[in-house]
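Per my numbering, the sequence shown starts with residue 2, numbered consecutively.
Yeah, the Cβ is synthetic: ideal placement off N, Cα and C, and Gly gets one too.
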Amino acid sequence: MDPRSEVLLRQAGLFTGDLLLAGLPADDLLAELPRAWGWSWHAGEHQHLLARFGERCSFDVQAPPAAFDSAVLFLPKSRELTDYLLQALASRLAGKPLYLVGEKRAGIERAARQLAAFGKPRKLDSARHCQLWRVDVLDAPDTPVLNDLARHFTLELSDGPLQVTSLPGVFSHGRLDLGSALLLEHLDGLPAGPLLDFGCGAGVIGAALKRRYPASPVILLDVDAFALASSRLTLAANRLEAQSIAADSIHAAPVGLAAIVSNPPFHQGVHTDYQASETLLRHAREHLATNGELRLVANSFLRYPPLIERHLGHCQTLASGQGFSLYRAAIRQ
């Protein structure tokens with residue numbers, strides 16, 4: 002059981018009515034709270050919950066429409082996303098309690114101050130290096146319009162300006178990160194055929210690929226519902242079309258890809274996590290066509306070249322700069 006869930010269960014007597022659990026972990030919490038519903042924006046966790054609890058858990062950037070007597074937000078990493086989620090929940094809870102739970106090292110005490118916009122926050126419990134806070138919503142705010150919270154910026158690329166839209170919580174919200182900037186400079190010469198942007202974020206790489214290779218189908222894959230929503234907005238802003246897949250690993254991608262292009266994540270919340278990237282490198286060959294290739298940008302200190310050599314063959318460093326390296330490996334018969 003996740004320690005945040007354990008803290009909630011210490012106060013289980015508070016949750017006797019219809020309860021919404023927002024951002025819940027993929028554990029047994031829904032089994033322990035039979036009147037609870039889950040709202041997830043993490044595709045991997047949602048799949049685990051869906052397999053066990055069926056329609057009691059939704060995957061979306063919007064809260065499920067059903068009425069509830071209280072809600073718990075599991076603290077996300079992003080302050081902007083926390084703001085949006087708290088407002089979205091509080092808008093449905095006039096005169097009702099809203100709870101916030103999170104790890105101390107994730108900044109739960111700082112985040113609890115954000116509850117003051119809706120009433121007087123109270124700390125209810127502290128255990129397992131986590132805290133549980135409550136606010137009784139006095140004046141429900143207006144329901145936030147997610148797209149109104151988007152940040153828009155323009156990238157001046159060699160083939161013209163690219164419009165980018167990012168939503169709260171998306172990696173490198175409102176700006177181009179250094180790794181993606183390096184990757185954008187080295188998208189030439191990809192083989193013809195389906196192209197996958199793995200860990201698409203706001204869709205910068207995927208949109209650039211589709212514009213540069215209009216005859217090639219482009220697929221954007223990400224674990225985060227807010228990232229996929231952002232990527233669709235980015236594509237629409239540039240009048241481009243691509244397929245999107247919500248998944249937490251390369252296993253959900255199609256086979257026969259001409260190329261996998263990625264600036265893969267290695268952080269999950271406050272924890273460092275390389276699993277998605279390492280799974281990508283171990284199984285990329287299964288999804289690439291003969292003569293297909295991988296192009297991956299990463300922090301130079303990450304020891305990806307040995308993994309690439311082991312699973313894909315010769316690893317070429319195409320470029321390095323500002324702490325990042327761009328690697329290429331091609332599949333040969």
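For residue i, the first and last residue of its enclosing alpha helix (DSSP H)
{"i": "Asp-84", "result": "80–91"}
{"i": "Phe-227", "result": "226–238"}
{"i": "Glu-7", "result": "4–11"}
{"i": "Gln-48", "result": "44–54"}
{"i": "Leu-21", "result": "Careful: Leu-21 lies outside any alpha helix (DSSP H), inside the beta strand (DSSP E) at 20–23."}
{"i": "Ala-112", "result": "109–113"}
{"i": "Ala-253", "result": "Careful: Ala-253 lies outside any alpha helix (DSSP H) and carries neither H nor E."}
{"i": "Ala-209", "result": "205–213"}
{"i": "Gly-175", "result": "Segment: none, Gly-175 is in no alpha helix (DSSP H) and carries neither H nor E."}
Assumed close pair residue i, residue j - CB separation to whole angstroms, cut-off 8 Å
{"i": "Pro-169", "j": "Leu-82", "result": "4 Å"}
{"i": "Lys-105", "j": "Cys-131", "result": "7 Å"}
{"i": "Ala-208", "j": "Thr-235", "result": "5 Å"}
{"i": "Ser-263", "j": "Phe-199", "result": "4 Å"}
{"i": "Ile-246", "j": "Ala-285", "result": "Rounded, the Cβ-Cβ distance is 15 Å, inconsistent with contact."}
{"i": "Trp-42", "j": "Phe-60", "result": "7 Å"}
{"i": "Leu-94", "j": "Ala-64", "result": "Rounded, the Cβ-Cβ distance is 11 Å, inconsistent with contact."}
Local conformation of residue i per DSSP, three classes
{"i": "His-272", "result": "Note on His-272: pLDDT 45, under 50, position unreliable in the model; the coordinate value appears next. Strand, per DSSP."}
{"i": "Arg-296", "result": "strand"}
{"i": "Gln-63", "result": "coil"}
{"i": "Val-146", "result": "coil"}
{"i": "Leu-99", "result": "strand"}
{"i": "Glu-242", "result": "coil"}
{"i": "Glu-287", "result": "helix"}
{"i": "Ala-330", "result": "strand"}
{"i": "Thr-17", "result": "coil"}
{"i": "Val-136", "result": "strand"}
{"i": "Ala-32", "result": "helix"}
{"i": "Pro-306", "result": "helix"}
{"i": "Gln-317", "result": "strand"}
{"i": "Leu-191", "result": "coil"}
{"i": "Ser-217", "result": "coil"}
Terminal residues of the beta strand (DSSP E) in which residue i lies
{"i": "Arg-123", "result": "123–128"}
{"i": "Ile-261", "result": "258–263"}
{"i": "Leu-196", "result": "196–199"}
{"i": "Gly-39", "result": "37–41"}
Residues bridged to residue i (per DSSP)
{"i": "Asp-223", "result": "Ala-247"}
{"i": "Ser-167", "result": "Arg-152"}
{"i": "Phe-75", "result": "Val-102"}
{"i": "Phe-325", "result": "Asn-300 and Gly-322"}
Assess contact between the region 18–27 and the region 62–77, defined as three or more Cβ pairs (one per stretch) separated by less than 8 Å. Is contact present?
yes
Would you say the region 34–42 touches the region 149–157, given that touching needs at least three Cβ pairs under 8 Å?
no
Three or more C-beta pairs closer than 8 Å, one from the region 215–232 and one from the region 180–198: is that the case here?
yes
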